[in-house]
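The number in our numbering is simply the position in the sequence shown, starting from 1, with 71 added. One structure is given below, encoded as structure tokens.
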Amino acid sequence: MEVAAGLVAAEQIISTTIEAALVGGYAIAKPTQPLKAKYTRIATSAHSDAADSLERSSHTVTVLHGKAYIFGGITSDGDSASNDIHIISLPGFSGSTEDYKCVPALGPDTPSPRANHTACAFGDDIYVFGGTTGGSWADHDSCIWVFSTTNFQWRKLDGPSISGENESAQVSHDLITSNGVLLLRLTTTIKSSVTQTQVYFIRIGDPASSWSSMSLPSSDVPLRIITAGAAIYALPTDTVKFSEVYLCPDISVSDPTFISIKLPSTTDTPLPQTRSGNQIVPISTGHGRHYLTLLPGVSSKPKETFSDTPSYLTDLWTLQLPSDSSSLTKIKDATREQINLSSGEFTWSEIVIEARMEELGTEGKALPGPLAHYAADTVDGKTVLMWGGVDATGETVGDGWLIWLE
72 MEVAAGLVAA EQIISTTIEA ALVGGYAIAK PTQPLKAKYT RIATSAHSDA
122 ADSLERSSHT VTVLHGKAYI FGGITSDGDS ASNDIHIISL PGFSGSTEDY
172 KCVPALGPDT PSPRANHTAC AFGDDIYVFG GTTGGSWADH DSCIWVFSTT
222 NFQWRKLDGP SISGENESAQ VSHDLITSNG VLLLRLTTTI KSSVTQTQVY
272 FIRIGDPASS WSSMSLPSSD VPLRIITAGA AIYALPTDTV KFSEVYLCPD
322 ISVSDPTFIS IKLPSTTDTP LPQTRSGNQI VPISTGHGRH YLTLLPGVSS
372 KPKETFSDTP SYLTDLWTLQ LPSDSSSLTK IKDATREQIN LSSGEFTWSE
422 IVIEARMEEL GTEGKALPGP LAHYAADTVD GKTVLMWGGV DATGETVGDG
472 WLIWLE
């Protein structure tokens with residue numbers, strides 16, 4: 072009996088080892104992309120031309136602690152939205168019993184209504200920069216507005232010193248945070264087509280910190296900055312057919328800089344259409360895996376005739392980024408390359424969209440359809456929120472959608 076038991080145990084060990092090897096081999100052989108996505112509509116707004124309507128475009132939505140903070144934009148009648156903050160609790164992410172709250176901007180030191188601005192979150196605060204109102208700059212200096220989500224008060228911070236050509240860059244900008252550092256990207260057009268991108272940065276909450284800056288190489292198109300994990304990437308705002316990106320591995324070091332990374336040839340790889348009025352947001356699927364997610368917009372393909380209407384796109388794409396060092400996905404990528412399989416790094420892949428029929432509801436709408444000039448932000452690692460925008464008929468909408476990626 073003891074011998075038989077030993078044989079059985081040995082057989083189980085061998086069987087388990089073989090199964091583990093097969094599973095591990097399958098995991099390594101299986102490509103990381105494409106990802107899958109499902110939409111859930113979490114809210115819809117009644118049609119209204121009022122300044123506080125949630126039907127708007129060219130606004131921002133910033134997600135913090137499971138709540139969405141909507142600010143600014145243009146309403147359906149073409150006027151500026153109010154400078155109120157609209158707070159929406161996201162189902163499944165917020166423990167709040169209050170679904171919606173509108174916070175008016177009270178006091179003498181508050182931001183004016185604006186559109187085409189930029190916003191980001193850090194700690195319990197939301198930071199807002201730039202934008203336009205009535206065809207003019209919303210601010211005549213480079214100030215940054217900070218909204219506290221704990222006491223609902225605004226305060227004003229001094230931004231970097233901007234003069235000359237950079238004053239015209241307020242409409243082309245990004246505001247992001249990474250490792251406790253606030254970064255402001257300004258892009259200036261030089262000689263009508265060549266652009267210069269300057270990145271200003273300051274450590275948040277450090278009285279001894281002052282604004283510093285670093286430049287990116289001149290480019291034929293504006294560059295945007297996006298944070299993904301500890302890294303910051305700079306890439307073109309209106310095209311996906313680029314041959315290089317710029318990477319700042321860690322902004323918190325004493326002398327941060329962007330380095331150029333040449334991308335692999337894409338002659339055999341499908342690429343998304345270039346677009347405008349869209350957003351690119353970072354996501355992470357865990358274990359150190361990061362992507363940039365390209366959301367819908369208006370096709371940049373030239374119209375064949377003057378009367379052609381703009382072509383709105385509904386597709387979603389991911390650009391796979393380098394994995395975190397010492398992560399499981401980094402090991403997988405290195406193993407794939409050793410056996411002559413592509414790691415997928417810096418390659419595009421179209422996301423497979425799965426319609427959820429239970430989302431049809433009474434209006435028969437399981438997907439948002441073609442949209443542009445909406446606002447978007449990452450909710451958690453692999454969930455994205457889209458709000459509002461303009462649809463293919465030119466109507467301003469006020470729906471909120473969650474995109475679940477896996």
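Every residue, glycine too, gets a C-beta built ideally from N, C-alpha and C. All figures in this text were calculated on a predicted structure; none of them were measured in a lab.
As assigned by DSSP and simplified to three states, the class of residue i
i	result
residue 459	strand
residue 425	strand
residue 416	coil
residue 315	strand
residue 282	coil
residue 81	The predicted model places residue 81 with a pLDDT of 42, which falls under 50 and marks its position as unreliable, so this point remains unresolved.
residue 380	coil
residue 391	strand
residue 288	strand
residue 450	strand
residue 357	strand
residue 103	coil
residue 308	coil
residue 268	strand
residue 258	strand
residue 464	coil
residue 437	coil
For residue i, the residue or residues it bridges with in DSSP
i	result
residue 298	303
residue 200	189, 215
residue 445	In the DSSP output, where bridge partners are listed per residue, residue 445 has none listed.
residue 273	253
residue 208	203
residue 371	Paired residues: none, contrary to the question.
residue 248	253
Residue i, enclosing beta strand (DSSP E) - first and last residue
i	result
residue 219	215–219
residue 470	467–476
residue 333	330–333
residue 362	360–365
residue 350	Residue 350 -> no beta strand (DSSP E), and no H or E assigned at all.
residue 227	225–228
Supposed contact pair residue j and residue i - C-beta distance, whole angstroms, cut 8 Å
i	j	result
residue 160	residue 137	7 Å
residue 476	residue 456	With a Cβ gap of about 12 Å, residue 476 and residue 456 do not count as contacting.
residue 328	residue 293	In fact, because the Cβ distance is near 20 Å, the residues do not count as touching under 8 Å.
residue 108	residue 422	5 Å
residue 386	residue 343	6 Å
residue 415	residue 126	Their Cβ separation, rounded to whole angstroms, is 39 Å, which puts residue 415 and residue 126 out of contact at 8 Å.
residue 225	residue 178	7 Å
residue 186	residue 145	5 Å
residue 141	residue 118	That pair is no contact at about 17 Å.
residue 353	residue 366	The pair is not a contact, with the Cβ atoms about 12 Å apart (cut-off 8 Å).
residue 330	residue 298	Not confirmed; about 16 Å, so no contact.
residue 220	residue 135	6 Å
residue 448	residue 132	5 Å
Just list the beta strand (DSSP E) runs in the segment 105–174, keeping only unbroken ones of 3 residues or longer that don't cross its boundaries, in chain order. 107–114, 131–135, 138–142, 156–160, 171–174
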